[in-house]
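Inspection log for the structure reproduced underneath, given as structure tokens.
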Amino acid sequence: MLADKAFDADWLEQRLLAQGFQVVIAHKSNRREPLQIDIEVYKWRHLIENFFCKLKEFKRIAMRCDKTDSSFAAVITLVSAVINSR
Numbered sequence: 009m010l011a012d013k014a015f016d017a018d019w020l021e022q023r024l025l026a027q028g029f030q031v032v033i034a035h036k037s038n039r040r041e042p043l044q045i046d047i048e049v050y051k052w053r054h055l056i057e058n059f060f061c062k063l064k065e066f067k068r069i070a071m072r073c074d075k076t077d078s079s080f081a082a083v084i085t086l087v088s089a090v091i092n093s094r
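Numbering (my numbering), first residue to last: 9 to 94.
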């Protein structure tokens, strides 16, 4: 499970590990015992999160102005191409 610092809790980590999840949660700066995380996986989480922030900069996507799911998916594809071309 990928998550940010807001989900840094021992009870949550233990529960997820018991269910068989790979836990990648960055630790808070004031944590007494920092967790060991997979840095490469966390870099991918950060990249994906930033991509969704860039998607939401486009008003049509943020407000979901399209009437059908297929036209909304087409707009997301178009905006993704614009973001990747920058």
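Idealized CB from N, CA, C, for every residue including glycine.
query	result
Can you list, in chain order, the residues of its chain whose CB lies under 6 Å from that of K13, leaving out five sequence neighbours each side?	A34, K36
So within the stretch 40-93, which uninterrupted alpha helix (DSSP H) runs reach at least 4 residues, ignoring any that extend past its ends?	47-63, 67-70, 77-93
Going by other Cβ atoms of all chains shown within 10 Å of its Cβ, with 16 needed for buried, is L25 buried or exposed?	exposed
State yes or no: is the C-beta of D77 within less than 8 Å of the C-beta of V83?	no
Could you pull out every residue in the same chain whose Cβ sits closer than 6 Å to the Cβ of A70, ignoring the five residues on either side in sequence?	K64
What are the boundary residues of the alpha helix (DSSP H) that includes Q22?	18-26
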